[in-house]
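Under this note's numbering, think of the first position of the sequence shown as 59, with each following residue one higher. Every residue, glycine too, gets a C-beta built ideally from N, C-alpha and C. The structure presented is a predicted model; accordingly, all values stated were derived computationally and were not measured.
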Amino acid sequence: MLPEISTLAQLERLDAQTHQLQLRLAELPKVLMAEKKAVEAKKKEVEDLQSRLSANEKERRQIEGDIQLRQSKIKKLRAQIEQAANDTQFQAFQHEIQFAEGEISKGEDRELDLMEEAEGLEPKLKADQSALIEAQKAGLEHFRSAEQEHKKGMAQIGQNAAASRELLAKLSPQYAQLYERLRKKYKTGPILSEPDNGTCGVCQMTLRLAFWQGIKADPDKLWQCEECSRVLVYNPPVMNG
Ligand SMILES: [Zn+2]
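Listed below in C-alpha cells is the structure:
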C-alpha cells in the first residue's frame, strides 16, 4: 500500500472515532433529560399519594369528631326523653335519636372505607418513596458519569484533531487536497473503499473491467472509484503454495 494511502486510512479512522464521539456527546444530554423527567414524574406520583393519604386522615378525624358529638347528643336526648310531657314530644325526641344513630352508622361506614383505602395506599407510598430515592441516586450518578464522559470525549476529540493535523502536514499537497476534497464530499463515513470482486466496496458500483484489471495489475497506484471518487485500496488475495 502506498504510504500516503496508509496515512489516509489513519485519518479516516480518526474521523470515524471523532464522529462517533460527537454523536454520543450529542446524545448524552437527551438521555439525562429523559431520566430527569422520569424522576420528576415519580416524585409527582409520591406527592399525589401523600396528599391523598393526608386528605384521607383529615376526613377520618372529622368523622370521629362528628360521631363523638352525635353520641353525646344522643345521651342528652335519652335523658330528656324521660321527661317527655306527652306522646308528641316523646316521638320528637325518639326521631332525633334515630336520626343521630343513622348518621353515626353512615359515618362509621365511611370510616371503614377510608381505612381500607389508606391500607391500600400506604404500602404503595412506601414502595414509591424508595423507588424515588433510588431513581434520584441513579440520576445523580448518571449525571456525574456523563460529565466525566463528556470531558473525556471532548479531550479525545481534541487529540484526534491534533493527530489529524499532524498527519495532514506530513502528506504531500496532492494527497492532502484529495483528503480535503473527499472529506468535504463525505462529511462522515469512509473515504477509502476496498473493492470486492470488481465492485466498489462502499458505493457498490461495478468497476469497468479494464479499470478493475488495472487495479489488480498495479495496486500500488492511486485509484479512485469512478462513481464515488473514494480511494480504492486493493489487497490482492494471498496465494497459497
Ligand atoms: Zn465507489
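| Asked | Found |
| --- | --- |
| Contact test: residue 202 Cβ vs ligand 1 heavy atom, cutoff 7 Å | no |
| C-alpha gap between residue 246 and residue 88, whole angstroms | 22 Å |
| Residue 104 beta carbon near ligand 1 (any heavy atom closer than 7 Å) | no |
| Residue 257 (DSSP reduced to helix, strand or coil) | strand |
| Option nearest residue 94 by Cα separation, candidates 150, 130, 191, 155 | 191 |
| Between the CA atoms of residue 230 and residue 259 - distance to the nearest angstrom | 26 Å |
| Whether residue 83 touches residue 211 by CB criterion (8 Å) | yes |
| Spatial neighbours of residue 270 in its chain, beta-carbon cut-off 6 Å, leaving aside the 5 residues before and after | 256 |
| Selected residue, minimal CA-CA separation from residue 218, among 136, 161, 74 | 74 |
| Contact check, residue 129 vs residue 162, beta carbons under 8 Å | yes |
| Sub-8 Å separation of residue 111 and residue 180 beta-carbons | yes |
| Three-state secondary structure assigned by DSSP to residue 65 | helix |
| Residue 288: CB within 7 Å of a non-hydrogen atom of ligand 1 | yes |
| Proximity test, residue 260 beta-carbon vs ligand 2 heavy atom, cut-off 7 Å | Among the ligands present in this structure, namely ligand 1, ligand 2 is not found. |
| Distance cut-off 7 Å: residue 285 Cβ against heavy atoms of ligand 1 | yes |
| Nearest residue (CA-CA) to residue 276, options 291, 262, 264 | 291 |
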